[in-house]
Amino acid sequence: MQASFQRVSWIARVTFLEAVRQRFFAFLLILGAAMALSSVSFRVLDFGHGELKFIADFGFGGMFLFGSVLAVVMTAQLFFSEMDNKTALTLLAKPLGRGEFLLGKFAGAWSVLGVFVAVLSGLLGIVLWAREQELLLLAEQAGKVPPTFSASGLAQFALLQWLRLGVVASIVLAISAVARTFLYAVVVGALAVVAGQLQWIAQDAILKPSESPAYEAVLWCTSRLLPNLQQFNIGDALVLGAPGVPADAVGAVALAGAAYMAAYVFLGALLFKRREI
Amino acid sequence: MSSAISVRHLTKDFRVGLRGLKLRAVDDVSLEIPRGEVYGLLGPNGCGKSTTLKIVLGLVSATAGEVSILGCPSATPEARRRTGFLPEAPYFHKFLTGRELVRYCARLSGVPSADVAAAVEDALGLAAMTEAADRPIGTYSKGMLQRIGFAQAVVHDPELVILDEPTAGVDPVGSAAIGRMIHAMRAKGKTIVLCSHLLGQVEQVCDRVAIMDRGKLVLEGRVDDVLSRRDRHVLTVESMSPAAREAAEAALVAHGAVVTSVTHPRRSLEDLFRELVTGSRDA
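Residue numbers (the working numbering), protein chains in the order written: chain A, 2 to 278; chain B, 77 to 359.
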């Protein structure tokens, strides 16, 4: 068990090193960081909402958009670089299980996504804190209640985003395990993200009575097999205070994310076992 | 004692195209590779030798037949723990240094933490890569890539080493260096399976050979047995005058022999090249 853990951690370590050296990662990190930092400049376009909410939404949007692109493209690329360059031949000829290999690739990719989320969340936190301080002074002078944000809420949101990106990466890895080409894995992975974002429609529909058992079966499968990626988007409630989110609700979302990640990595390992290298 | 590799009635079919047409890459091949020998697996491109090796290593599943390594079913991690593999045209992560790569492979191969440093140095020394070990792999020449590939294959001191085209694209000096590594492994009692197009090198280093063609095994045996022609003889004589040569020929004819040719022996171009560029390590 310990030896297996060590092999997985070595695969993860090299995967992480490979990923952080990619220009693609740096490019998306810079774009996301620029979006979080520039949100202050665009706050005049807050459409009547609070300034902090606008800044936070801008940052959340960058994290969601660029994080999703990174999770889909980078995960598929990290897998297919091993296949196409034949480095997998060298590694899998060693006493390394296919499941260990896939788990190591996932852990490496997820670690990179963790760095991405941590950097963007940190920058967003700094921007929110700086503007909050300015608004505090203005509110004091005007005798109004100052707007605030929750740093611990931002940390919880960052954790949920990391889990969401982990779920996306695990889905892409499971697809990659059977895909013949990088492009196929990216396209199907991107479609899975869109489907995950819309999964709540299936959840809503299943609550309504239907006369078609086939339709109900499809809805049931969709709502169970696909994760509801929208459930991770509770940034407003977590970061901007009211109305707040109960801790057990955050825990349930995190648990669901972890369960989906484990299930998709396991599925990927099963599919990868049958793949001919 | 079990063979190093035992292949029994191995068959592999690939499905190709949209209609799933069956392509037979390996056709009922049976092999027994004894321990402690250098075994050459020869054949033209597409003859099924690389597929056979991949099945042996558990990288590809067999359609039919059985394969075992050192008595263990070939697809098990235990079999691979005792096996080292250098793939054809190896590619490694360019950002790692040679030493990092070999250490990485040592850890994946189950070398205990306390022994990793010594095992890495031994493997680098055997592959003559100690001096270049701290350079990124991206800066290596083709020959150095093959040598670092050899080092990662032997870092865990395997009983069986499988080398797929180890000298492909390597100049004669580098090729000779790999030949020396093979000899060094054999001297340690290891079994080496060598898959190569370079027939001259195979002839020099291998104890036994098997030749495959179109997925089938067409010849197998000891190199001396399969190459020697028992009905013919070669005499190599120094300082022979024309008169002595005529007398020798006449004597042979008098004893019923048929002299088919009398020529001067030639050295191979590879031998001449190696002799002239001795000292240079690698391009």
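From the three backbone atoms N, C-alpha and C, an ideal C-beta is built for every residue, glycine too. This one's a predicted model, so the numbers in the text were calculated from it and none came from an experiment.
Checklist entry - If arginine 84(B) and glycine 119(B) are in contact, beta carbons under 8 Å, what's the gap, nearest whole angstrom? => result Arginine 84(B) to glycine 119(B), Cβ: 19 Å. No contact.
Checklist entry - Which stretch, first to last residue, makes up the alpha helix (DSSP H) that contains serine 106(B)? => result Unbroken run through serine 106(B) is the beta strand (DSSP E), 97-109; no alpha helix (DSSP H).
Checklist entry - Within the 8 Å Cβ cut-off, does valine 15(A) reach chain B? => result yes
Item to check | Classification of phenylalanine 171(B) by the beta-carbon crowding that lies within 10 angstroms, buried from 16 upward | outcome: exposed
Next on the checklist: If contact is defined by three or more beta carbon pairs under 8 Å, each pair taking one atom from either stretch, is the stretch 165-180 of chain A in contact with the stretch 65-73 of chain A?
Outcome noted: yes
Item to check | Nearest residue (CA-CA) to proline 242(B), options Glu235(B), Ser251(B), Leu236(B) | outcome: Ser251(B)
Checklist entry - Taking the alpha helix (DSSP H) that threonine 76(A) falls in, what are its first and last residues? => result 52-85
Checklist entry - Buried or exposed: glutamine 200(A), going by 16 or more other Cβ atoms within 10 Å of its Cβ? => result buried
Next on the checklist: Which residue wins for smallest C-alpha separation from isoleucine 56(A), given the options Ala34(A), Met75(A), Thr76(A)?
Outcome noted: Ala34(A)
Item to check | chain B contact for threonine 182(A) (CB, 8 Å cutoff) | outcome: no
Checklist entry - What residues in its chain sit with their C-beta under 6 Å from that of leucine 239(A), if we drop five residues either side in the sequence? => result Gly154, Gln157, Phe158, Val246
Checklist entry - Roughly how many whole angstroms lie between the Cα atoms of phenylalanine 25(A) and methionine 75(A)? => result 8 Å
Next on the checklist: Just checking: is the beta-carbon of threonine 223(A) within a distance shorter than 8 Å of some beta-carbon in chain B?
Outcome noted: no
Checklist entry - If you measure from the beta carbon of proline 214(A) to each beta carbon in chain B, is any gap under 8 Å? => result no
Checklist entry - Interface residues of chain A around cysteine 181(B) at Cβ under 9 Å? => result Thr91, Leu92, Lys95
Next on the checklist: At a CB distance below 8 Å, what residues from the stretch 182-193 of chain B approach chain C? Give them in sequence order.
Outcome noted: Looking for chain C here will not work: the only protein chains present are A and B.
Checklist entry - Per DSSP, what kind of secondary structure is threonine 215(B) in: helix, strand or coil? => result helix
Checklist entry - Rounded to a whole number of angstroms, what is the C-alpha to C-alpha distance between threonine 206(B) and glycine 100(A)? => result 33 Å
Checklist entry - Skipping 5 residues on each side, what residues in its chain have a beta carbon closer than 7 Å to that of valine 329(B)? => result Val335
Next on the checklist: Give me, in chain order, the residues of the same chain whose beta-carbon lies closer than 6 Å to that of valine 294(B); leave out the 5 immediate sequence neighbours on both sides.
Outcome noted: Ile287
Item to check | Cutoff 8 Å: serine 356(B) Cβ touching any chain A Cβ | outcome: Note that serine 356(B) scores 49 on pLDDT, short of 50, meaning its location in the model is unreliable and no value can be drawn from it.
Next on the checklist: Less than 8 Å between the beta carbons of leucine 239(B) and valine 269(B), yes or no?
Outcome noted: yes
Item to check | Residues near leucine 162(B) by beta carbon distance below 6 Å, same chain, minus five either side | outcome: Gly225, Phe226, Ala229, Leu239, Pro242
Next on the checklist: Counting C-beta neighbours from all protein chains within 10 Å, is the total for tyrosine 216(A) 16 or more, i.e. buried, or is it exposed?
Outcome noted: exposed
Item to check | Strand pairing of arginine 262(B), partner residues [DSSP] | outcome: Paired residues: none, contrary to the question.
Checklist entry - Does the Cβ of glutamine 3(A) have 16 or more other Cβ atoms within 10 Å, making it buried, or fewer, making it exposed? => result exposed
Item to check | lysine 87(A): contacting residues in chain B (beta-carbon distance under 9 Å) | outcome: Pro163, Glu164, Ala165, Pro166, Tyr167
Checklist entry - From leucine 135(B) to aspartate 104(B), what does the alpha carbon distance come to, in whole angstroms? => result 19 Å
Checklist entry - Does DSSP classify arginine 256(B) as helix, strand or coil? => result helix
Checklist entry - Does the distance from the C-beta atom of alanine 255(A) to that of leucine 160(A) stay below 8 Å? => result yes
Item to check | Contact check, alanine 77(A) vs alanine 193(A), beta carbons under 8 Å | outcome: no
Next on the checklist: Three or more C-beta pairs under 8 Å: does that hold for the stretch 96-112 of chain A against the stretch 222-238 of chain A?
Outcome noted: no
Item to check | Backbone secondary structure at alanine 359(B) - three-state DSSP | outcome: With a pLDDT of only 43 at alanine 359(B), under the threshold of 50, the placement of this residue in the model should not be trusted; the figure read from the coordinates follows. If DSSP states are grouped into helix, strand and coil, alanine 359(B) belongs with coil.
Item to check | Beta-carbon separation (whole angstroms), cysteine 123(B) vs arginine 290(B), contact threshold 8 Å | outcome: 6 Å
Item to check | Reference arginine 276(A); option with closest CA among Leu107(B), Ser137(B), Ser82(B) | outcome: Ser137(B)
Item to check | Residue from Glu108(B), Arg91(B), Ala182(B) with nearest C-alpha to threonine 139(B) | outcome: Arg91(B)
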